[in-house]
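In what follows, a single structure is set out as structure tokens and then discussed.
Residue numbers (my numbering): 150 to 332.
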């Protein structure tokens, strides 16, 4: 699927700049950094329908280890995807082993992150917005999911949540029409 960008060039939907403005968080553009051959990073952004969100960024080193940044943020409104994000709380950084990074990559493979259709279902009235963004080997990808139902996508994101030392239950809500949890 191609969309026209502001520069009048055609770009694939998954190559468009991430819709949330991350300048207020001091966050780099993974889209721009993806141009570097040796660069690999991932970002999970969780925006609840109400309240503050969480941003997790995984920066992978050439040796396979990584750092995982955890930052709370506020967009100033419920589900205001295009709103300027502002930091809340302190940033924390965890060091990850080669094994932990490898397991995250396995979650991405199982979820078919790099080939899943990039349709953006971030619009609508209910549910938390989950954005998973990745840059590696000169490829860039982001997927937005409002109240995701794909358990593989959820598992990949929640693995980062676990590595950040956060409680996964915070990110899940009980579906009144089902017997399982989702975002």
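Glycine included, C-beta positions come from ideal geometry on N, C-alpha and C. Since the model is a prediction, treat every value here as computed from it, not as a measurement.
For residue i, the first and last residue of its enclosing alpha helix (DSSP H)
| i | result |
| --- | --- |
| residue 251 | 247 to 260 |
| residue 199 | Counting along the chain, residue 199 falls outside any alpha helix (DSSP H), and DSSP gives it neither H nor E. |
Counted within 10 angstroms of its Cβ, other Cβ atoms place residue i as buried (16 or more) or exposed
| i | result |
| --- | --- |
| residue 203 | buried |
| residue 258 | exposed |
| residue 195 | buried |
| residue 251 | exposed |
| residue 248 | exposed |
| residue 266 | exposed |
| residue 260 | buried |
| residue 280 | buried |
| residue 199 | exposed |
| residue 318 | exposed |
| residue 320 | buried |
| residue 310 | buried |
Residue nearest to residue i in terms of C-alpha spacing, selected from the options
| i | options | result |
| --- | --- | --- |
| residue 262 | 239, 288, 238 | 288 |
| residue 215 | 222, 207, 299 | 207 |
| residue 175 | 298, 317, 222, 296 | 222 |
| residue 245 | 212, 256, 265 | 212 |
| residue 305 | 286, 254, 320 | 254 |
| residue 283 | 191, 187, 181, 180 | 191 |
| residue 188 | 312, 301, 285, 298 | 285 |
| residue 205 | 184, 264, 243, 198 | 243 |
| residue 277 | 264, 295, 291 | 295 |
| residue 264 | 240, 311, 309, 302 | 302 |
| residue 313 | 218, 239, 256, 291 | 218 |
Three-state secondary structure assigned by DSSP to residue i
| i | result |
| --- | --- |
| residue 207 | strand |
| residue 237 | strand |
| residue 190 | strand |
| residue 214 | coil |
| residue 171 | coil |
| residue 306 | helix |
| residue 317 | helix |
| residue 312 | helix |
| residue 288 | strand |
| residue 157 | Reliability fails at residue 157, whose pLDDT of 32 lies under 50, so the model's placement of it is uncertain and no value is given. |
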